[in-house]
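Undergrad: Structure provided below as structure tokens; questions to follow.
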DNA sequence: GTTAGCACTCTGGTAGGGAGAGTGCTAACT
DNA sequence: AGTTAGCACTCTCCCTACCAGAGTGCTAAC
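Shown next, in the form of structure tokens:
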């Protein structure tokens, strides 16, 4: 929509671009509407405030800026931010210093997925002063690395399934006939032969071929089914878990001083289906994707901006890292940070899936 | 402090008690200061508003009520709430209907600890319309139920430790010499002999007695040490994880309309050390404990009330369930709910630890 | 095309006034 | 002695009025 309006009144000339950029950058840091005088004072534009006013009026006509009221300064519209983001999205490398700092932090924690997801969220949060998000890398189809059966009592066992990417799933199995740990262990060993590296589909066909006369056949089949269910549940869930950090940063922003707005954002974040859909489309696009205000499908998110970057390998395992903040977001930093962290997460995925 | 003031002007007569109770119950539901006329209208006190005014003045002198300003109604002080809580804490059973409802919900989910902790938090949240909290049951000393070694590549393995209470811990082990899954499996089998049901201390002495000449001796020792570290880390952490739900409920309360206060509460909740200390003292007391406003040690919590109930068996495993809300909290419901849920959690602990 | 000048508009803060709610006191009542 | 009616008083809340300040939009000159 923004682009259509802009095009109708011709492309922006360079000076108009510079002024739009200045308004946005000023407003992002101060959170107060920007007047023509303030622009002339703080940016050496080489023109008078009257000229700036003319251009501001044009930009407003083009739908890129807005007026809270007649005699206030300008604030960017969602379309204005959109233009800004388009203009910088391909040129926002994170400064070397920060790249090194982040790498160092990631080197400090164990090279295990959960730690990395958490660290990704908190790193992004602290660098952007907004909320950091990270979803766990989700494989296209889960593959089992190992299973284990732990006896709880003679009628109950705990099934532990370690997935290839390091996630651990647990389920209870109630035993038809009493079994001790020894039996369970040997069944687990047989199952490990059967399931190692396999997806749900593969396991299903292998289970069908089991010899029903073999010892422990019934138990094998039962636990096999349970493993299958664990995998299917896992495959079905679009977003397993969202790691977030720095929601407190967002609470500090003046646009969320009244907690009602905040509350709606939090509600939206609890909606797994919505997040799943978001992750899906970002992963598909394969690029850093920015959703600004009204561009968000969820009504509760109409006052925030999301900067999301996919990571991982399509068809193998994908996840998303991102920033959530007010639409008045430091986009260059957010985009740079998210893109860099997504690169780091790629390394994790490559490592976990060889 | 409250009690000292009260005592100095003598104990409250029955009528004053009834009126104090009425003020508190009225204020808890409406959140607006309560005037003498409103009390006479809504509660059949059998006296005129003038008399009520006299008594309100006494209660204010006793430090149990307060005035926002000269011509406003009364609101309870922390001391007022404290008196109220003392008067009801031993007589707040949860209605049968709700007990059944909760039991039913708990019956729906798998009898596994994590699910129960989550459910405890969300049940409490929905019944009290405040935030529900639950900490995982923490054993006095963790005992290992089972360990497993999963090969990641020939130099790295993932160590999976299943604790008796069902918690799973994971750690990476880098191997001095390359090992395949077969070797790892046999080492895991040996380790299971060694560690089954044992605490860190026991494992330490057993490790010391290992024959250094046995096959895999070095690997055994290395992984043994790693298990030890996992257990020691676990034992050292006072509060492993806090499950919370319904923080959104708290955001809706008028006292938190301005998000700054909310933010401070959230900050305090992120402080593990503080929570650990809280869990410790509640578990030690063995009873439902209520912290009202200023009674909270954390400055950030001075505007909220906490109702906490311990569960589990001292010396074996303990945790805490609770409610967090504004000091203007529905204490009877909160106390009743928390006490009942804590009873359910006892069943879980008894089951997990026989 | 740019700029100076200026009238105009709107906010935000402050002051004043009236309605309403509620108190605290006094004097009369039981 | 405790209770109550009556009433003056106080404070908030809301509305209005007003002013200063900021910023615009227009016009006419450069």
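Chains as they are written, first to last, in my numbering: chain V, 14 to 367; chain Z, 14 to 367. No residue lacks a Cβ here, since even glycine has one placed at the ideal position from N, Cα and C.
At the level of alpha carbons, what is the spacing between residue 272 of chain Z and residue 276 of chain V?
TA: Along the second chain, one-based indexing puts residue 272 of chain Z at 259. Along the first chain, one-based indexing puts residue 276 of chain V at 263. Roughly 10 Å between the two C-alpha positions.
Undergrad: At a CB-CB cut-off below 9 Å, which residues of chain V make contact with residue 271 of chain Z?
TA: Locating residue 271 of chain Z in the second chain gives position 258, counting from the first residue. Per Cβ cutoff of 9 Å: 270, 271 and 272.
Undergrad: For residue 289 of chain Z, which residues in the same chain have their Cβ closer than 7 Å to its Cβ, ignoring the five residues on either side in sequence?
TA: For the purposes of this step, residue 289 of chain Z is taken as residue 276 along the second chain, with counting starting at 1. Excluding residues within five positions, the ones whose Cβ falls inside 7 Å are 251 and 252.
Undergrad: How would you label residue 26 of chain Z, buried or exposed, when you count the other beta carbons within 10 angstroms and need 16 or more for buried?
TA: For this step, residue 26 of chain Z is matched to residue 13 along the second chain. Residue 26 of chain Z is exposed by the Cβ-count criterion.
Undergrad: Quick one: using the 10 Å Cβ neighbour count with 16 as the cut-off for buried, is residue 50 of chain V buried or exposed?
TA: Indexing the first chain from 1 puts residue 50 of chain V at position 37. That one is exposed.
Undergrad: According to DSSP, is residue 345 of chain Z part of a helix, a strand, or is it coil?
TA: Counting from one through the second chain, the residue named residue 345 of chain Z turns up at place 332. Looking at residue 345 of chain Z - three-state DSSP - the assignment turns out to be helix.
Undergrad: For a cutoff of 8 Å on Cβ pairs, would you count residue 139 of chain V as touching chain Z?
TA: Along the first chain, read from residue 1 onward, the residue named residue 139 of chain V stands at position 126. For residue 139 of chain V, no Cβ of chain Z is located within less than 8 Å of the residue's own Cβ.
Undergrad: With DSSP as the reference, identify every bridge partner of residue 258 of chain V, one or two as the case may be.
TA: Against the first chain, residue 258 of chain V aligns to sequence position 245. According to DSSP, residue 258 of chain V bridges with V:145.
Undergrad: Report the neighbours of residue 161 of chain V on chain Z: residues whose CB is nearer than 8 Å to its CB, in chain order.
TA: As a working mapping, residue 161 of chain V is identified with position 148 in the first chain. Near residue 161 of chain V (Cβ distances below 8 Å), the residues of chain Z are 159, 161, 173 and 175.
Undergrad: According to DSSP, is residue 200 of chain V helix, strand or coil?
TA: The count along the first chain starts at 1 and reaches residue 200 of chain V at position 187. In the structure shown, residue 200 of chain V sits in a helix (DSSP, three-state: H, G or I).
Undergrad: Return helix, strand or coil for residue 62 of chain Z, following the three-state DSSP convention.
TA: The residue you call residue 62 of chain Z lines up with position 49 of the second chain. It is helical.
Undergrad: Check distances from the C-beta atoms of the region 109 to 127 of chain V to those of chain Z and list, in chain order, the residues that come in under 9 Å.
TA: Taking 9 Å as the Cβ-Cβ cut-off, the region 109 to 127 of chain V approaches chain Z at 123, 124, 125 and 127, given in chain order.
Undergrad: Write down the C-beta distance between residue 155 of chain Z and residue 244 of chain Z rounded to the nearest angstrom, noting that I regard them as a contact closer than 8 Å.
TA: Taking the second chain and counting its residues from 1, one reaches residue 155 of chain Z at position 142. Taking the second chain and counting its residues from 1, one reaches residue 244 of chain Z at position 231. Between residue 155 of chain Z and residue 244 of chain Z, the beta carbon gap of about 5 Å places them in contact (Cβ cut-off 8 Å).
Undergrad: Would you kindly work out how many angstroms separate the C-alpha atoms of residue 1 of chain V and residue 147 of chain V, rounded to a whole number?
TA: Past the boundaries of the shown model lies residue 1 of chain V; chain V is included only from 14 to 367, so the question cannot be answered.
Undergrad: Return the first residue and the last residue of the alpha helix (DSSP H) that residue 216 of chain V is part of.
TA: Position 203 of the first chain, counted from the first residue, corresponds to residue 216 of chain V. Counting along the chain, the alpha helix (DSSP H) containing residue 216 of chain V begins and ends at 213 to 221.
Undergrad: What does residue 264 of chain V reach in chain Z if we use C-beta pairs closer than 9 Å?
TA: Counting from 1 along the first chain, the entry for residue 264 of chain V is found at position 251. Residues of chain Z passing the Cβ test: 272, 273, 275, 276 and 279.
Undergrad: Consult DSSP for residue 100 of chain Z and reduce its assignment to one of helix, strand or coil.
TA: Along the second chain, read from residue 1 onward, the residue named residue 100 of chain Z stands at position 87. The answer is helix: DSSP assigns residue 100 of chain Z an H, G or I state.
Undergrad: Given a threshold of 16 other Cβ atoms within 10 Å of its Cβ, counted over all protein chains shown, does residue 198 of chain V qualify as buried or as exposed?
TA: Here the question's residue 198 of chain V lines up with position 185 in the first chain. Answer is buried; the Cβ neighbour count reaches 16.
Undergrad: Cβ closer than 7 Å: which chain V residues qualify as neighbours of residue 261 of chain Z?
TA: Here residue 261 of chain Z refers to the residue found at position 248 when the second chain is read from its first residue. Going along chain V in sequence order, the residues near residue 261 of chain Z (Cβ under 7 Å) are 276, 279 and 280.
Undergrad: Below 8 Å on the Cβ atoms is my contact criterion, and I expect residue 134 of chain Z with residue 145 of chain Z to pass it. Report the Cβ-Cβ distance as a whole number of Å.
TA: Walking along the second chain from the start, residue 134 of chain Z turns up at place 121. Walking along the second chain from the start, residue 145 of chain Z turns up at place 132. That belief holds up - the Cβ atoms of residue 134 of chain Z and residue 145 of chain Z are roughly 4 Å apart, short of 8 Å.
Undergrad: What residues from chain Z crowd round residue 179 of chain V, counting only those whose CB sits closer than 7 Å?
TA: Residue numbering aside, residue 179 of chain V sits at position 166 when the first chain is read from its first letter. Near residue 179 of chain V (Cβ distances below 7 Å), the residues of chain Z are 171.
Undergrad: Is the region 347 to 362 of chain V in contact with the region 122 to 138 of chain V, if contact means three or more CB pairs nearer than 8 Å?
TA: Result yes; three or more Cβ-Cβ pairs closer than 8 Å.
Undergrad: Could one say the Cβ of residue 185 of chain Z lies closer than 8 Å to chain V's Cβ atoms, at least one of them?
TA: Within the second chain, residue 185 of chain Z is the residue found at index 172, counting from 1. True, the Cβ-Cβ gap to chain V drops below 8 Å.
Undergrad: Rounding to the nearest angstrom, what Cα-Cα distance links residue 119 of chain Z and residue 106 of chain V in this structure?
TA: Within the second chain, the letter at position 106 stands for residue 119 of chain Z. Within the first chain, the letter at position 93 stands for residue 106 of chain V. Rounded to whole angstroms, residue 119 of chain Z to residue 106 of chain V spans 50 Å at the Cα level.
Undergrad: Which residues does DSSP pair with residue 274 of chain V in a beta bridge?
TA: For the purposes of this step, residue 274 of chain V is identified with residue 261 of the first chain, where counting begins at 1. In the DSSP output, where bridge partners are listed per residue, residue 274 of chain V has none listed.
Undergrad: Rounded to a whole number of angstroms, what is the C-alpha to C-alpha distance between residue 320 of chain V and residue 182 of chain Z?
TA: By 1-based counting over the first chain, the position of residue 320 of chain V is 307. By 1-based counting over the second chain, the position of residue 182 of chain Z is 169. Roughly 33 Å separates the two Cα atoms.
Undergrad: Residue 225 of chain V: buried (16+ other C-beta within 10 angstroms of its C-beta) or exposed?
TA: Position 212 of the first chain holds residue 225 of chain V. Under the 10 Å beta carbon count, residue 225 of chain V is surrounded by fewer than 16 other beta carbons and is classified as exposed.
Undergrad: Does any residue of chain V bring its CB to less than 8 Å from the CB of residue 20 of chain Z?
TA: Your numbering for residue 20 of chain Z matches position 7 in the second chain. Low confidence applies here, because residue 20 of chain Z scores a pLDDT of 36, under 50, leaving its location unreliable and the question unanswered by this model.
Undergrad: So what does DSSP say about residue 300 of chain Z, is it helix, strand or coil?
TA: The residue you call residue 300 of chain Z lines up with position 287 of the second chain. Coil at residue 300 of chain Z, not helix or strand.
Undergrad: Could you compute how far the alpha carbon of residue 249 of chain Z sits from the alpha carbon of residue 356 of chain Z?
TA: Counting from 1 along the second chain, the entry for residue 249 of chain Z is found at position 236. Counting from 1 along the second chain, the entry for residue 356 of chain Z is found at position 343. When the Cα atoms are used, residue 249 of chain Z and residue 356 of chain Z turn out to be separated by approximately 26 Å.
Undergrad: For the structure I just gave you, are there three or more beta carbon pairs, one from the region 174 to 194 of chain Z and one from the region 166 to 181 of chain V, closer than 8 Å?
TA: yes
Undergrad: Under DSSP, the beta strand (DSSP E) around residue 318 of chain V begins and ends at which residues?
TA: Reading the first chain from its first residue, position 305 is the one you call residue 318 of chain V. Residues 317 to 326.
Undergrad: Measuring straight from C-alpha to C-alpha, what distance separates residue 346 of chain Z and residue 306 of chain V?
TA: Translated into positions along the second chain, residue 346 of chain Z becomes position 333. Translated into positions along the first chain, residue 306 of chain V becomes position 293. Whole-angstrom Cα-Cα distance: 40 Å.
Undergrad: Assuming residue 47 of chain Z contacts residue 95 of chain Z (C-beta within less than 8 Å), just tell me the rounded distance between them.
TA: Stepping through the second chain from its first residue, residue 47 of chain Z is reached at position 34. Stepping through the second chain from its first residue, residue 95 of chain Z is reached at position 82. Between residue 95 of chain Z and residue 47 of chain Z the Cβ distance is about 18 Å, and since that is not below 8 Å, they are no contact.
Undergrad: Using only the alpha-carbon positions, how far apart do residue 205 of chain Z and residue 338 of chain V sit?
TA: Along the second chain, read from residue 1 onward, the residue named residue 205 of chain Z stands at position 192. Along the first chain, read from residue 1 onward, the residue named residue 338 of chain V stands at position 325. Cα to Cα, the separation comes out at about 49 Å.
Undergrad: Indicate whether at least one CB of chain V lies closer than 8 Å to the CB of residue 17 of chain Z.
TA: Stepping through the second chain from its first residue, residue 17 of chain Z is reached at position 4. Confidence is the limiting factor: at residue 17 of chain Z the pLDDT is only 32, short of 50, which leaves the residue's position unreliable, though a coordinate-based value still follows. It does not; no Cβ of chain V falls within 8 Å.
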